[in-house]
Amino acid sequence: NQDILSEFCKNTKCEVLCIQETHRDLTAARPKVSGMKLIAEIPHNKHGSAVFVRTQTIVSSVETTNVHGIEIITTEIGKCTITSVYKPPNEPIIFSPPTNFQSEANQLVLGDFNSHSLLWGYADSDANGDAVEAWAKTSSLTLIHDPKLPPSCHSKVWKRGYNPDIRFSSNNLEDRCTKVVYGPIPKT
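Last residue of the sequence shown? That's 197 in the working numbering, and every number before it is there in order.
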């Protein structure tokens, strides 16, 4: 998968790569993506998160929180913060942001929230989806979603696609952001 991610980052001219569910405990080798440098990681054998940036990218700050199993990594680059979120399926959404979360007016938040909402394509909303919507509104964030796109995740168990992977931007960036769903990474 590291080769696939390296090629993906090269082809898309990726500046920042946020990965959730790395499934790497402390005994396994740290993930590597050619042309990118690992700047933050929350290792976990069942979950885990990592953030990479292009090798020449200047990072002002990187901070992490891991409260109630919700892994949050916020990276400050230039005049923008980029936040990666992973919320395990059975945990309530309790957002404990790193101290640099709102250090810039331009914010992007993305991740696997494992929550359901009509807004991002589920047939119904659950308590976590309602909580994510309320948190986004309070944080002045706008959902970046296009219902015409394919689902971002396909469950082999349920034999259907879902959208647990959602994106938000600060309100001032809303008109400049789009969501793109690429093909699945094999064996993931």
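Heads up, the beta-carbon is just placed ideally off N, CA and C, and yes, glycines get one too.
These figures come from a predicted structure and were not determined experimentally.
(request) Could you tell me which of Met-45, Arg-39 and Thr-64 sits nearest to Ser-58, measuring between CA atoms? (result) By one-based count along the sequence shown, residue 58 stands at place 49. For the residues Met-45, Arg-39 and Thr-64, the minimum Cα distance to Ser-58 belongs to Arg-39.
(request) Would you mind listing the beta strand (DSSP E) stretches within the segment 41–129 that are 3+ residues and don't spill past its ends, in chain order? (result) Segments of the beta strand (DSSP E) lying fully in the segment 41–129: 45–51, 58–63, 70–76, 79–86, 89–95 and 115–121.
(request) Determine the extent of the beta strand (DSSP E) in which Ser-15 is found, giving its start and end residues. (result) To locate residue 15, count along the sequence shown from 1; it is residue 6. It is not in any beta strand (DSSP E) - Ser-15 instead sits in the alpha helix (DSSP H) that spans 11–21.
(request) Helix, strand or coil for Gly-192, going by three-state DSSP, please let me know. (result) Looking up residue 192 in the sequence shown gives position 183. Three-state result, Gly-192: coil.
(message) Considering just the uninterrupted stretch of the alpha helix (DSSP H) at Val-25, what are its terminal residues?
(response) For this step, residue 25 is matched to residue 16 along the sequence shown. Where Val-25 is concerned, there is no enclosing alpha helix (DSSP H), although the beta strand (DSSP E) it sits in stretches over 25–29.
(request) Can you say whether Glu-80 is buried or exposed, counting buried as having 16 or more other CB atoms within 10 angstroms of its CB? (result) Counted from its first residue, the sequence shown places residue 80 at position 71. With 16 or more other Cβ atoms within 10 Å, it is buried.
(request) Closer than 6 Å by C-beta to Phe-104: which residues in its own chain qualify, once you throw out the five before and the five after it? Chain order, please. (result) Taking the sequence shown and counting its residues from 1, the one referred to as residue 104 is at position 95. Excluding its 5 nearest sequence neighbours in each direction, Phe-104 has C-beta neighbours in its own chain below 6 Å: Trp-144, listed in chain order.
(message) Is it buried or exposed, Glu-183, if we count other Cβ atoms within 10 angstroms and call 16 or more buried?
(response) Here residue 183 corresponds to residue number 174 of the sequence shown, with the count starting at 1. So Glu-183 counts as exposed.
(message) Is it buried or exposed, Asp-155, if we count other Cβ atoms within 10 angstroms and call 16 or more buried?
(response) As a first step, residue 155 must be located in the sequence shown, where it is residue number 146. Under this definition Asp-155 is an exposed residue.
(request) Determine the burial state of Leu-150: buried for a count of at least 16 other Cβ atoms within 10 Å of its Cβ, exposed for fewer. (result) Here residue 150 corresponds to residue number 141 of the sequence shown, with the count starting at 1. Classification for Leu-150: buried.
(request) To the nearest angstrom, report how far apart Arg-63 and Ile-51 are at their CA atoms. (result) The count along the sequence shown starts at 1 and reaches residue 63 at position 54. The count along the sequence shown starts at 1 and reaches residue 51 at position 42. Whole-angstrom Cα-Cα distance: 19 Å.
(request) State whether the segment 113–128 contacts the segment 21–30, with contact taken as three or more CB pairs (one from each stretch) at a distance under 8 Å. (result) Result yes; three or more Cβ-Cβ pairs closer than 8 Å.
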